[in-house]
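Take the sequence shown: its position 30, counting from 1, is numbered 38 in this note's numbering, and each next residue is one higher.
Below is one structure, written out as structure tokens; the observations come after it.
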Amino acid sequence: MKKFLFYILLIIAGAFTACDDPIDLNVPAGQSFPVLDGWITNEAGVQKIRMTMSVPYTQQDPAPVVNDAKITLHDLTSGESYPFNYNNGYYTYDASAKAIGVIGHVYKLHLEYKGEILEGLDTLKRTTPIDSITYEYKTQEESISGKEGYYARFYAKDPAGAVDYYWVRSYRNDTTARLEDAFSVDGGFDEGIYDGASFILPIQQSITDYDKPFQVGEKIIVRIKSLSKPSYDFLTQVNEQVNAGGLFAKVLENVKSNMQNTTANGKVKVLGRFGTSAVSRAEVSVK
Numbered sequence: 009m010k011k012f013l014f015y016i017l018l019i020i021a022g023a024f025t026a027c028d029d030p031i032d033l034n035v036p037a038g039q040s041f042p043v044l045d046g047w048i049t050n051e052a053g054v055q056k057i058r059m060t061m062s063v064p065y066t067q068q069d070p071a072p073v074v075n076d077a078k079i080t081l082h083d084l085t086s087g088e089s090y091p092f093n094y095n096n097g098y099y100t101y102d103a104s105a106k107a108i109g110v111i112g113h114v115y116k117l118h119l120e121y122k123g124e125i126l127e128g129l130d131t132l133k134r135t136t137p138i139d140s141i142t143y144e145y146k147t148q149e150e151s152i153s154g155k156e157g158y159y160a161r162f163y164a165k166d167p168a169g170a171v172d173y174y175w176v177r178s179y180r181n182d183t184t185a186r187l188e189d190a191f192s193v194d195g196g197f198d199e200g201i202y203d204g205a206s207f208i209l210p211i212q213q214s215i216t217d218y219d220k221p222f223q224v225g226e227k228i229i230v231r232i233k234s235l236s237k238p239s240y241d242f243l244t245q246v247n248e249q250v251n252a253g254g255l256f257a258k259v260l261e262n263v264k265s266n267m268q269n270t271t272a273n274g275k276v277k278v279l280g281r282f283g284t285s286a287v288s289r290a291e292v293s294v295k
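Dropping the structure here:
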């Protein structure tokens, strides 16, 4: 009996260790769909919407840009409309003189593409201010990741009285590329627990890339963006897809878009999402 168990263990061990050799998979390319990345905020400045075509999972080339769509943003609360014009890879509207995002307003994105009309709705919710950002130097021995550098933490408090959904994003030096993303409900992870309290420690500390902590002279930038419940559900599902991996990873799938085809017998399908956010921001330089 012991010999039998020993042989079974050897077979199981071999099954796991035999996975080191690369395997070339013939994955079908599949159908390509237009993908919308449209997020409107209450910030002054140029608002951008991007449309690209999806590419096969194994393809390394950049996604082709869609430049022949017509996009208009409608504020259903105020009745105002904002045309977005294509320029250098983006559909843009210059809101430098006056921000177009207003907390509490409902917005509809109207998209005309390939002779069909698609529309999406979202409500711009409140956010909360960032009180401060601190950082602490840790040696290789002190840090969880074994990386020497400065580990940052932000402080903010959820306003009481409603369920608030947040998207916390951090940057290093500028906002051209994201560093880390975190998602929160009322400053915590679940509804009905943390209303009106300070953001919990794991979310406060989520702004550092533990594989490459901050160094002296670098700037730590944090933005807290509000989310509607549907936008929160969409982004957390996307986040799960992006970070799926390992032996028990979930099967990749397209997360449902809020852009609905309103054309009779319309066939165009758009992936991605139209969303709105109120934004609070803070930054500090590491000295």
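Glycine included, every Cβ here is placed at the ideal spot set by N, Cα and C.
Computed from a predicted structure; not experimentally measured.
According to the Cβ coordinates, are residue i and residue j closer than 8 angstroms?
i	j	result
L117	G46	yes
V287	I141	no
I111	Q55	no
Y121	A71	no
T233	S293	It should be noted that the sequence gives Lys, not Thr, for residue 233. No; because the gap between Cβ atoms is not below 8 angstroms, this pair is not in contact.
F162	A290	yes
A7	K146	Because the chain spans 9 through 295 in this model, residue 7 falls outside it and cannot be assessed.
R58	Y98	yes
Throw me the rounded Cβ distance for the residue i and residue j pair, which I believe falls under 8 angstroms.
i	j	result
R301	F242	Residue 301 lies beyond the residue range present for the chain, which begins at 9 and ends at 295; the question has no answer from this structure.
Identify, in the order they occur along the chain, each residue of the same chain with its Cβ nearer than 6 angstroms to the Cβ of residue i, setting aside the five sequence neighbours on each side.
i	result
Q148	G154, E156
T131	V114, S236
P137	S288
F41	S62, K277, L279
S178	L187, E188, I215, V230
D203	A168, D194
I48	Q55, G109, T284
E144	Y159
G196	Y202, I208
D102	V54
Within its chain, find whatever has a CB closer than 8 angstroms to the CB of residue i; leave out the 5 residues flanking it on each side and keep chain order.
i	result
N247	D189, F191
M267	L44, L117, L119, L126, E127, G128, V278, G280, R281, F282
N181	E226, K227, I229
S86	V110, H113
S104	A52, G53, V54
E88	H82, I108
Leaving out the 5 sequence neighbours to the left and right, which residues in its chain are closer than 7 angstroms to residue i when beta-carbon positions are compared?
i	result
I152	Y218
T100	V54, Q55, K56, F92, N93
V263	F242, Q245, V246, Q249
T183	I229
N75	Y94
L84	V114, Y115, K116
T60	V43, A71, P72, V73, V74
Taking one C-beta from the segment 208-218 and one from the segment 189-196 each time, how about it: are there three or more such pairs within less than 8 angstroms? yes
3 or more residues per run - each beta strand (DSSP E) lying fully within the segment 176-256: Fully enclosed beta strand (DSSP E) runs of 3 or longer: 186-193, 227-235.
Any contact between the segment 89-97 and the segment 231-245? By contact I mean 3 or more CB pairs, one from each, below 8 angstroms. no
How about the segment 221-234 and the segment 157-174: do they share at least three Cβ pairs that are nearer than 8 angstroms? yes
Inside the segment 254-295 only - alpha helix (DSSP H) runs reaching at least 4 residues: Correct list: empty.
Going along the chain, which unbroken runs of the beta strand (DSSP E) with 3 or more residues stay wholly within the segment 113-181? 114-121, 124-131, 138-146, 157-164, 173-180
Three or more C-beta pairs below 8 angstroms linking the segment 261-273 and the segment 163-173: no
Report the start-end ranges of each beta strand (DSSP E) in the segment 78-116 that is 3 residues or longer and not cut off at the edges. Segments of the beta strand (DSSP E) lying fully in the segment 78-116: 78-83, 89-95, 98-103.
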